[in-house]
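Student:
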DNA sequence: CTTTAGCACTCATTGCCCCTGAGTGCTAAG
DNA sequence: CTTAGCACTCAGGGGCAATGAGTGCTAAAG
């Protein structure tokens with residue numbers, strides 16, 4: 257079913273205005289807008305129909321209209337104008353991105369913070385995987401007296417390490433052997449393939465270092481599992497309180513307590529591979545607690561079978577055009593930054 | 257100046273009750289308590305004096321009294337009874353601690369979450385250093401085509417790594433040399449001692465890998481600096497909204513937006529080395545924005561010149577006894593866990 | 001000299017009522 | 001189909017009085 261040109265125009269005007277003011281919009285206000293060549297009465301009729309069609313809602317009889325979730329959806333899909341980033345904005349985003357991201361985890365937490373700042377809403381950044389991750393290589397590095405560092409490198413380029421201390425003395429030869437055995441048998445296979453039989457066999461072939469194999473395996477499995485389970489960085493929760501819809505404390509708390517890592521990592525049930533930015537309006541969220549909030553997500557390439565995702569959580573009445581624009585501009589920048597191999601920079605002294 | 261026995265008893269009763277109810281306490285309520293063998297009038301007189309002495313405050317004329325910061329301080333130092341953890345509590349804390357903390361950063365974020373849960377307040381966990389950190393060793397590990405992984409181990413046992421990609425091809429020999437040079441000249445010295453002259457000398461002696469030295473140095477310095485700058489994990493901000501004193505939205509926002517990593521890492525200006533748990537009541541906090549909140553901090557040993565700190569942020573009216581007890585019990589557990597060398601566990605199959 | 005009963009006073013909170021005004025839906029005329 | 005006109009609805013706010021918890025002071029009792 258198609259909306260008449262005029263209905264669309266009115267709907268757009270209402271959503272635009274409501275996004276700006278957070279107050280129900282009345283017929284008179286709309287009629288007063290330049291470019292609206294109808295009387296309030298006409299607008300009223302149209303608004304009544306839009307309400308019947310489910311695009312608008314009325315908080316109470318004597319109030320104006322506000323967009324319903326379906327209204328927002330229609331607006332997003334059909335009416336919303338692209339938001340053009342101003343030079344100032346692009347500059348400040350670029351500048352923010354200047355942070356040299358040295359380590360990955362840290363960087364992601366910073367990314368989250370920046371997104372939150374950029375949108376003035378709670379934001380999250382997380383990593384996720386597109387392929388199943390395997391161990392690429394083990395390294396065993398002696399580290400003082402009776403301890404060594406186990407380094408596990410995975411196919412998604414994360415490198416995790418653990419300091420292992422032992423009460424018994426271990427020789428360099430033991431460690432060499434351990435390393436060799438681990439690399440020979442346990443690399444390039446996914447966590448599921450770490451069967452008890454395999455581990456048993458490996459353990460037996462490790463000689464003096466056999467006691468260390470289970471520890472190493474435990475750690476490797478743990479690393480792989482943690483790779484799969486995305487890491488989530490959430491920040492800027494307090495910005496939610498700035499939004500008029502969350503002046504009601506209980507609402508705010510409901511949303512904030514729902515915003516933990518688990519819900520977030522499950523947020524966008526399916527990522528539409530076609531559109532880069534995905535918007536979930538209110539009840540489109542699977543999580544019940546978020547049925548009054550909207551989520552805008554986008555992803556960026558990190559390369560090596562991984563992707564980053566950044567998202568924003570806010571009231572249904574959010575400036576989708578602006579937020580989408582900022583988010584995707586930022587994500588593009590990040591993609592450029594992470595996705596491509598890093599060029600060695602020209603150093604002063606060379 | 258000493259408070260009479262009776263004044264102390266009354267003050268304690270008021271603070272105890274106010275902590276429980278969050279409502280100003282009147283003379284009649286106190287008088288009605290068993291063990292209070294005085295009339296309301298007497299209590300009133302005492303309360304008036306306690307107010308003059310600065311231990312109590314009156315929100316308005318016709319309301320009861322609430323403790324002033326000084327009142328809380330006196331209560332904490334002199335009146336508060338030790339809170340005895342119930343078996344249930346110790347059990348659930350122990351259970352929570354069962355999480356096998358495989359990697360340090362992750363573990364700290366989990367610790368933060370647990371503390372928040374444990375106290376039902378926003379909480380933070382962070383690491384900090386007691387000695388100046390140095391690089392203990394560099395490791396250079398080839399990682400595919402035109403890239404390698406640089407591992408920096410520091411004297412505080414953190415191990416950080418970075419994947420470095422290069423457009424040019426590098427041989428294993430180059431990397432060996434790089435590793436040797438770095439380890440020969442740049443270990444066991446602190447970041448300040450990375451002078452341009454030294455770096456220049458090292459670069460020249462690195463032969464074919466000379467282009468990589470600045471990158472490695474940059475990373476090393478970055479790691480050392482990050483070691484010094486404590487890492488902070490803050491969680492459970494939403495729990496602040498559950499507290500009656502933060503029903504006022506603006507207050508809540510003020511506090512929450514003040515709670516970023518910077519303010520937190522500066523929170524306890526000086527840590528009294530004698531008492532394990534440190535309490536900062538309201539205005540005792542240096543940060544202006546936190547002058548209405550209290551902070552309870554404790555630390556635990558991680559060994560190797562490092563310590564962990566866990567803390568709780570909440571309204572001045574918080575159950576200091578309970579929170580102190582839970583926090584320190586938890587911290588002790590963590591100390592036991594992190595501080596001591598890890599014993600290899602008995603595996604099933606051995 | 002301390003304790004307590006009595007009393008007048010204060011003042012935040014609550015509920016109530018009424019008014020205002022923005023906004024609607026309907027009807028009938030253009 | 002559009003619009004002017006009109007009666008109606010209802011949230012929000014101001015004013016006002018009642019309520020009651022709590023106080024400080026005074027004077028009597030212990």
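Chains as they are written, first to last, in the working numbering: chain A, 257 to 606; chain B, 257 to 606. Backbone N, C-alpha and C define an ideal beta-carbon position, used for all residues, glycine too.
Output, in chain order, the set of chain B residues within a Cβ distance shorter than 7 angstroms of residue 509(A).
Tutor: Simply 494, 497 and 498.
Student: Which residues of chain B have a Cβ atom closer than 8 angstroms to the Cβ of residue 409(A), listed in chain order?
Tutor: The answer, in chain order, is 397, 399 and 405.
Student: Could you tell me whether the region 507 to 520 of chain B touches the region 404 to 414 of chain B, where touching means 3 or more Cβ pairs closer than 8 angstroms?
Tutor: Short answer: they don't touch.
Student: Below 8 angstroms on the Cβ atoms is my contact criterion, and I expect residue 287(B) with residue 280(B) to pass it. Report the Cβ-Cβ distance as a whole number of Å.
Tutor: About 15 angstroms; that fails the 8 angstroms criterion.
Student: Does residue 605(B) get closer than 8 angstroms to chain A when you measure Cβ to Cβ?
Tutor: Only weak support exists for where residue 605(B) lies, its pLDDT of 35 falling under 50; the value from the coordinates is given anyway. For residue 605(B), the answer is yes, since a Cβ of chain A falls inside 8 angstroms of its Cβ.
Student: Mapping DSSP to helix, strand and coil, what is residue 382(A)?
Tutor: Correct three-state label for residue 382(A): strand.
Student: Using a Cβ-Cβ cut-off of 8 angstroms, state whether residue 503(A) counts as contacting chain B.
Tutor: It does: the Cβ of residue 503(A) has a partner Cβ on chain B nearer than 8 angstroms.
Student: Would you identify the three-state DSSP class for residue 435(A), choosing helix, strand or coil?
Tutor: If DSSP states are grouped into helix, strand and coil, residue 435(A) belongs with the helices.
Student: So, helix, strand or coil for residue 530(B), using DSSP?
Tutor: Looking at residue 530(B) - three-state DSSP - the assignment turns out to be coil, as it is neither helix nor strand.
Student: Could you tell me which of 480(B), 546(B) and 563(B) sits nearest to residue 509(B), measuring between CA atoms?
Tutor: Checked all of 480(B), 546(B) and 563(B); the closest Cα to residue 509(B) is 546(B).
Student: So with CB distances below 8 angstroms, who are the chain A contacts of residue 512(B)?
Tutor: 493, 494 and 497, listed in chain order.
Student: With a threshold of 8 angstroms between beta-carbons, can residue 415(A) be considered close to chain B, or not?
Tutor: Chain B, which has a Cβ nearer than 8 angstroms to the Cβ of residue 415(A), makes this yes.
Student: Do the region 467 to 482 of chain B and the region 437 to 454 of chain B touch if we need at least three Cβ pairs shorter than 8 angstroms?
Tutor: The region 467 to 482 of chain B, when compared against the region 437 to 454 of chain B, does touch it at the 8 angstroms Cβ threshold.
Student: Who are the near neighbours of residue 536(A) in its chain, counting only those whose CB is closer than 7 angstroms to its CB and skipping five residues on each side?
Tutor: So the list reads 524, 550 and 551, once near-sequence residues are dropped.
Student: List the endpoints of the continuous alpha helix (DSSP H) containing residue 417(A).
Tutor: From DSSP, residue 417(A) is part of no alpha helix (DSSP H) but of the beta strand (DSSP E) over 415 to 421.
Student: Can you give me the C-alpha to C-alpha distance between residue 374(A) and residue 492(A), rounded to a whole angstrom?
Tutor: Distance between the alpha carbons of residue 374(A) and residue 492(A) is about 11 angstroms.
Student: Select from 290(B), 294(B) and 320(B) the residue whose C-alpha is nearest the C-alpha of residue 304(B).
Tutor: When only C-alpha atoms are compared, the closest one is 320(B).
Student: Determine the extent of the alpha helix (DSSP H) in which residue 520(A) is found, giving its start and end residues.
Tutor: Counting along the chain, the alpha helix (DSSP H) containing residue 520(A) begins and ends at 517 to 521.
Student: Taking only three categories from DSSP, how would you classify residue 427(A)?
Tutor: Residue 427(A): coil per DSSP, three-state reduction.
Student: Can you find a heavy atom of the ligand NAP that lies under 7 angstroms from the Cβ of residue 388(B)?
Tutor: As for the ligand NAP, it is missing from this structure, which has no ligand bound.
Student: For my contact list, residue 571(A) and residue 490(A) are in at a C-beta cut-off of 8 angstroms; report their separation, rounded to the angstrom.
Tutor: Their Cβ separation, rounded to whole angstroms, is 17 angstroms, which puts residue 571(A) and residue 490(A) out of contact at 8 angstroms.
Student: Give me the Cα-Cα distance between residue 401(A) and residue 478(B), rounded to the nearest whole angstrom.
Tutor: In a straight line, the C-alpha of residue 401(A) is about 27 angstroms away from that of residue 478(B).
Student: Evaluate residue 416(B) with the Cβ neighbour count: other Cβ atoms within 10 Å of its Cβ, from every protein chain shown; 16 or more gives buried, anything less gives exposed.
Tutor: Under this definition residue 416(B) is a buried residue.
Student: Using the Cβ count rule (16 or more neighbours within 10 Å means buried), how would you classify residue 631(B)?
Tutor: Residue 631(B) lies beyond the residue range present for chain B, which begins at 257 and ends at 606; the question has no answer from this structure.
Student: Alpha carbons only, please: which of 540(A), 301(A) and 565(A) is nearest the one belonging to residue 329(A)?
Tutor: Ranking the options by Cα distance to residue 329(A), first place goes to 540(A).
Student: Which same chain residues, not among the five before or five after residue 429(A), have their C-beta less than 7 angstroms away from its C-beta?
Tutor: Closer than 7 angstroms at the Cβ level, and outside the excluded window around residue 429(A), lies no residue.
Student: Residue range of the beta strand (DSSP E) that residue 292(B) falls in?
Tutor: Here residue 292(B) belongs to no beta strand (DSSP E), and DSSP marks it neither H nor E.
Student: What does the Cβ neighbour count give for residue 393(B), buried or exposed, with the cut at 16 atoms within 10 Å?
Tutor: Per the 10 Å Cβ criterion, buried.
Student: Taking Cβ positions, are residue 302(A) and residue 262(A) nearer each other than 8 angstroms?
Tutor: Contact: yes.
Student: Please classify residue 385(A) as buried or exposed, where buried requires at least 16 other C-beta atoms within 10 Å of its C-beta.
Tutor: Answer is buried; the Cβ neighbour count reaches 16.
Student: Along the alpha helix (DSSP H) that carries residue 305(B), what are the first and last residues, could you check?
Tutor: Residues 296 to 308.
Student: So what does DSSP say about residue 286(A), is it helix, strand or coil?
Tutor: Helix.
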